[in-house]
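Numbering (our numbering), first residue to last: 2 to 311. Worksheet: one structure, shown below.
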């Protein structure tokens with residue numbers, strides 16, 4: 002069994018290879034059962050949550066991502082989340098590789114947004130606004146440059162110092178990044194607005210978005226979370242990564258409960274787009290929205306890429 006630490010896992014997942022790998026597995030399909038959620042008791046302390054996410058391509062590969070979430074770790078000076086990925090032979094069950102689960106999660110999340118933009122962002126889109134300054138936000142410019150000729154990157158975060166720090170880091174990596182402080186103006190000027198925050202109240206408003214722009218919403222993966230207001234969805238072409246997004250994300254559950262749109266208004270999923278069963282952008286003036294919550298299919302596609310490239 003081969004072992005890939007965080008550095009080796011990330012290095013094996015360049016976006017120019019990871020984005021096509023996601024598209025290929027979405028088109029092919031694989032088995033993705035519901036994730037397991039367990040509360041693990043800790044004598045004398047707070048329990049931590051363990052998520053187990055399996056997926057497999059029958060006869061080829063079987064993979065499991067395990068994510069342990071321990072909010073109490075902050076008091077111990079430790080990260081609150083730890084993840085690993087184990088890839089097995091799909092016929093024999095023999096372990097093939099152990100990988101860093103955080104690196105897989107972050108990179109496949111950014112790659113899924115870029116994959117959606119392949120169909121939903123205008124072909125001449127070049128101005129990207131990243132809302133957020135965390136681990137996924139840091140990867141978004143490079144991911145989008147795998148599908149569009151991005152030559153202007155704005156970074157906005159509630160903590161302006163974090164936005165400046167991320168912009169400086171991206172500049173050091175050779176990316177055309179700058180921190181911005183006027184979020185409404187930055188949204189109006191952007192061809193693509195990509196949100197990767199933990200917000201529970203809208204950060205981006207529909208009245209700020211330009212005709213023909215593409216809005217990418219990553220952060221809201223629970224019913225209590227939300228990054229965009231209702232106006233962001235009005236008169237926009239909505240796509241999701243999987244139909245599970247309609248059941249999990251406050252981004253969608255809230256507007257649906259208020260009649261802004263219904264499940265029937267979702268134009269397609271990444272699987273439908275990858276198979277040519279759903280239409281992407283229809284014209285240059287159409288405003289598009291993509292909402293993702295993540296799926297074990299993406300983790301498996303990334304893990305296979307790491308293993309086969311070793």
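All C-beta atoms in this analysis are idealised placements derived from N, C-alpha and C, irrespective of residue type, glycine included. Predicted model only: the values in this text are computed from it and were never measured.
Shortest alpha-carbon distance to residue i belongs to which of the options?
i, options, result
"residue 287", "311, 149 and 120", "120"
"residue 105", "68, 75, 73 and 122", "68"
"residue 59", "41, 87, 36 and 29", "29"
"residue 39", "52, 27 and 47", "52"
"residue 17", "42, 210, 143 and 161", "143"
"residue 242", "254, 57 and 219", "219"
"residue 256", "108, 70, 235 and 57", "235"
"residue 47", "25, 74 and 61", "74"
"residue 98", "211, 196 and 10", "10"
If you follow the beta strand (DSSP E) that residue i is in, where does it begin and where does it stop?
i, result
"residue 67", "62-70"
"residue 31", "From DSSP, residue 31 is part of no beta strand (DSSP E); its letter is neither H nor E."
"residue 101", "96-101"
"residue 51", "46-58"
Which two residues bound the contiguous alpha helix (DSSP H) that contains residue i?
i, result
"residue 307", "297-310"
"residue 275", "271-275"
"residue 137", "136-145"
How about residue i and residue j: are their beta carbons less than 9 Å apart?
i, j, result
"residue 231", "residue 194", "no"
"residue 279", "residue 215", "no"
"residue 27", "residue 298", "yes"
"residue 179", "residue 168", "yes"
"residue 302", "residue 61", "no"
If residue i and residue j are in contact, beta carbons under 8 Å, what's the gap, nearest whole angstrom?
i, j, result
"residue 129", "residue 154", "5 Å"
"residue 175", "residue 285", "The Cβ separation is near 30 Å, so there is no contact."
"residue 198", "residue 133", "4 Å"
"residue 19", "residue 306", "6 Å"
"residue 200", "residue 228", "5 Å"
"residue 113", "residue 274", "In fact, because the Cβ distance is near 11 Å, the residues do not count as touching under 8 Å."
"residue 54", "residue 36", "5 Å"
"residue 311", "residue 64", "Going by Cβ atoms, the distance from residue 311 to residue 64 rounds to 15 Å, so no, they are not a contact pair."
*asked:* For the pair the region 252-265 and the region 181-188, tell me if three or more CB-CB distances fall below 8 Å.
replied: no
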